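Asker: Following this message is one structure expressed as structure tokens.
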RNA sequence: GGGGGGAUUCCCGAGUGGCCAAAGGGGGCAGACUGUAAAUCUGUUGUCUAUGACUUCGAUGGUCCGAAUCCAUCUCCCCCCA
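Residue numbers (my numbering): 3 to 378.
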């Protein structure tokens, strides 16, 4: 399964096989919530953008177009024309992001659909059934992502419930496989660590879920209100209890700097809406720092977004052109910017992997960190 | 030639005596965004020696303690009739 190739400090260079291809880690997964990268990016584009893994969402695809529709059309890979690995998030994040629209019980979560208010029930079994219909490469366990800061007692209660849900997820996935009710019979399952910002709950939770010998382990419930320092602290606390021979996924993180720092703490996989969402808002990442292409100073700037970048956007277009496209509200502005940012993130991961391979991750980290978070 | 309607801050447009440097929208300028309810949201947008002062509502003059708002004249624009 997961093969650890090399380490430098706590940073890990590895790879793992899936039925949809091998994943080289550390890796960034490109978020395609509704089976598309927002901003007009298709799966074939992702190949050119050096994407290894696409991430889709169980809750969103269940509502639209419906997981049974996707199953009947041959599964998510065929549906969106992406042959590489797909990880499906379980709907656990929507317990957080749609908190005004849901009610949690031991059984699961009742949502009022954010589209039309229709009542939706999703518990561990439902989430696994939906993900089975989608046929993703990696299914995520159904969890509750708790907002920070959180109450200790509630966090303990919730994290324990998430463990119980994890057992139910595993049982349900086993059943679906045994009864052949699944599009991808090799579907993998990752468990998710919760516990807000409480060391003891986090560690206790990690120990419990590690016992299940799942295909991978995620840290969830971070970057949801706490400081970066608190986030790094929790990763440091939990990491020693994560199985060494399994991929480790830090969910929803983060900024380029967050990713570099988290790799240094032993994380293998990431995902984040930041490269795509920020790009749609004209915010692009470069090796010199962050730029807002809407700024007036780009009106006559004939340079590409990043002179060092060889993405499809930077090879062809100037800052001035994209600035104009944003001003004119041309959708090409978003597409070009999203392409650049995804290429940037995927290239960041490639550079991290190369650096660990060559044993100079620390130097890379130091140099890259200097400018990457700066606003220019 | 006759009758009617207008002119408001970058633009459109509300306001018809004090609570008006003037609603709202657009545009401009900037910011936020971390398992996507986000092509979204927020701030700001007359000047300054700035908890106050000054200039501004087509122009000029007037009434009033006080005028974007009332009166007179003028300029320009639009519509209708000849």
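All C-beta atoms, glycine included, are put in the ideal place defined by N, C-alpha and C.
Only a predicted model underlies this, so the values are computations on that prediction, with no experimental measurement involved.
Any contact between the stretch 55 to 63 and the stretch 30 to 44? By contact I mean 3 or more CB pairs, one from each, below 8 Å.
Answerer: Contact between the stretch 55 to 63 and the stretch 30 to 44 is present, because at least three Cβ pairs lie under 8 Å.
Asker: I need the DSSP call for residue 24, collapsed to helix, strand or coil.
Answerer: In this structure, residue 24 counts as strand in the three-state DSSP scheme.
Asker: Our contact map puts residue 168 next to residue 78 with C-beta atoms below 8 Å; I'd like the distance itself, whole angstroms only.
Answerer: Not really, about 23 Å apart at Cβ, beyond 8 Å.
Asker: Between which residues of its own chain and residue 248 is the CB-CB distance below 6 Å, once the five residues before and five after are set aside?
Answerer: For residue 248, where only same-chain residues beyond five positions count, the Cβ hits under 6 Å are 4, 218 and 219.
Asker: Assuming the contact rule is C-beta atoms closer than 8 Å, residue 223 and residue 148 should be a hit. Round their C-beta distance to whole Å, please.
Answerer: Between residue 148 and residue 223 the Cβ distance is about 5 Å, and since that is below 8 Å, they are a contact.
Asker: Inspect the beta-carbon positions of residue 296 and residue 328 and report whether they are closer than 8 Å.
Answerer: Yes. Within cutoff.
Asker: Checking 8 Å against the spacing of the C-beta atoms, do residue 143 and residue 178 come in under that value?
Answerer: Cβ atoms of residue 143 and residue 178: not closer than 8 Å.
Asker: In its own chain, which residues sit with a C-beta less than 7 Å from the C-beta of residue 359, not counting the 5 before and 5 after it?
Answerer: Cβ within range, chain order: 8 and 15.
Asker: Counting beta carbon pairs with one atom in the stretch 111 to 126 and one in the stretch 71 to 89, are three or more of them shorter than 8 Å?
Answerer: The stretch 71 to 89, when compared against the stretch 111 to 126, does not touch it at the 8 Å Cβ threshold.
Asker: Please report the straight-line C-alpha distance between residue 1 and residue 126, rounded to a whole angstrom.
Answerer: Because the chain here runs from 3 to 378, residue 1 falls outside it and cannot be looked at.
Asker: Give the C-beta separation of residue 130 and residue 61 to the nearest angstrom, bearing in mind that I take them to be a contact with Cβ-Cβ under 8 Å.
Answerer: With a Cβ gap of about 13 Å, residue 130 and residue 61 do not count as contacting.
Asker: Are the Cβ atoms of residue 381 and residue 342 separated by less than 8 Å?
Answerer: The question about residue 381 has no answer, for the chain in this structure spans 3 to 378.
Asker: In angstroms with no decimal places, state the Cα-to-Cα distance between residue 357 and residue 262.
Answerer: So the alpha carbons of these two residues sit roughly 11 Å apart.
Asker: How would you call residue 68, buried or exposed, if buried means at least 16 neighbouring beta carbons within 10 angstroms?
Answerer: Exposed is the call here.
Asker: Give a yes or no on whether the C-beta atoms belonging to residue 161 and residue 203 are separated by under 8 Å.
Answerer: Cβ distance < 8 Å, so residue 161 and residue 203 count as in contact.
Asker: What is the DSSP secondary structure of residue 195, reduced to helix, strand or coil?
Answerer: Strand at residue 195.
Asker: When you compare the stretch 89 to 103 with the stretch 12 to 27, are there three or more beta-carbon pairs, one atom per stretch, that lie closer than 8 Å?
Answerer: Verdict: no, contact absent.
Asker: Just to confirm, are residue 214 and residue 237 a CB contact at a threshold of 8 Å?
Answerer: For residue 214 and residue 237, no; Cβs fall outside 8 Å.
Asker: Would you identify the three-state DSSP class for residue 147, choosing helix, strand or coil?
Answerer: Reduced to three states, the DSSP call for residue 147 is coil.
Asker: Between 12, 46 and 27, which has its C-alpha nearest residue 1's C-alpha?
Answerer: No information on residue 1 is available, as it lies outside the stretch 3 to 378 that the chain covers here.
Asker: Taking 8 Å as the limit between beta carbons, can you name the residues of its chain near residue 246, skipping five residues before and five after?
Answerer: Closer than 8 Å at Cβ, skipping near neighbours: 6.
Asker: What residues are listed by DSSP as bridge partners for residue 5?
Answerer: The partner list for residue 5 (beta bridge, DSSP) reads 17.
Asker: In the DSSP output, which residue or residues are listed as bridge partners for residue 104?
Answerer: Residue 104 pairs with 113.
Asker: Hey, how far is the Cα of residue 166 from the Cα of residue 314?
Answerer: If I take the Cα positions, the gap works out to 46 Å.
Asker: Rounded to the nearest angstrom, how far is the Cβ of residue 281 from that of residue 339, given a contact under 8 Å?
Answerer: At roughly 4 Å, the Cβ-Cβ gap stays under 8 Å, so residue 281 and residue 339 are in contact.
Asker: What would DSSP say about residue 354, mapped onto helix, strand or coil?
Answerer: Correct three-state label for residue 354: helix.
Asker: In angstroms, rounded to a whole number, what distance separates the CA positions of residue 348 and residue 364?
Answerer: Going from the Cα of residue 348 to the Cα of residue 364 covers about 19 Å.
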